[in-house]
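Numbering (UniProt numbering), first residue to last: 1 to 87. Virtual Cβ for every residue (Gly too), placed ideally from N, Cα, C.
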């Protein structure tokens with residue numbers, strides 16, 4: 001199992017939407033959610049290309065505490081099954 005924590009979502013969104021849109025981060029635009037959606041799409045494409053079937057789940061709540069603890073009060077934001085298309 002992999003856990004990927006995006007630690008610079010606000011900076012990524014700031015680069016993507018520019019200074020005017022920066023004011024919307026946290027008000028209208030959820031930077032973490034938007035970056036996760038883009039990352040999920042890229043992972044899905046890569047997994048299909050490599051023949052990997054997987055379940056990608058975006059959750060809100062877990063926090064990494066140091067290197068050996070993970071707090072898990074979670075709320076699922078997105079759950080996507082990656083299946084290989086039969087051609």
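Tell me residue 12's beta-bridge partners as DSSP assigns them.
-> As a position in the chain shown, residue 12 is number 12, starting the count at 1. Partner(s): none; residue 12 has no beta bridge.
C-alpha distance - residue 35 paired with residue 12, whole-angstrom precision | Stepping through the chain shown from its first residue, residue 35 is reached at position 35. Stepping through the chain shown from its first residue, residue 12 is reached at position 12. Each residue's Cα considered, the two are about 7 Å apart.
DSSP-derived helix/strand/coil call for residue 68 = The residue labelled residue 68 in the question sits at position 68 within the chain shown. Residue state, collapsed to three classes: coil.
Report the partner residues of residue 56 according to the DSSP bridge assignment.
-> Taking the first residue of the chain shown as 1, we reach residue 56 at position 56. Partner(s): 80.
Between residue 84 and residue 45, what straight-line distance do the alpha-carbon atoms span, to the nearest angstrom?
-> In the chain shown, counting from the first residue as 1, residue 84 sits at position 84. In the chain shown, counting from the first residue as 1, residue 45 sits at position 45. Those two C-alpha atoms are separated by around 10 Å.
Through-space distance from residue 43 to residue 16, alpha-carbon basis = Counting from one through the chain shown, the residue named residue 16 turns up at place 16. Counting from one through the chain shown, the residue named residue 43 turns up at place 43. In a straight line, the C-alpha of residue 16 is about 19 Å away from that of residue 43.
State yes or no: is the C-beta of residue 64 within less than 7 Å of the C-beta of residue 70?
-> Counting from one through the chain shown, the residue named residue 64 turns up at place 64. Counting from one through the chain shown, the residue named residue 70 turns up at place 70. It is a contact, given that the beta carbons lie within the stated cut-off.
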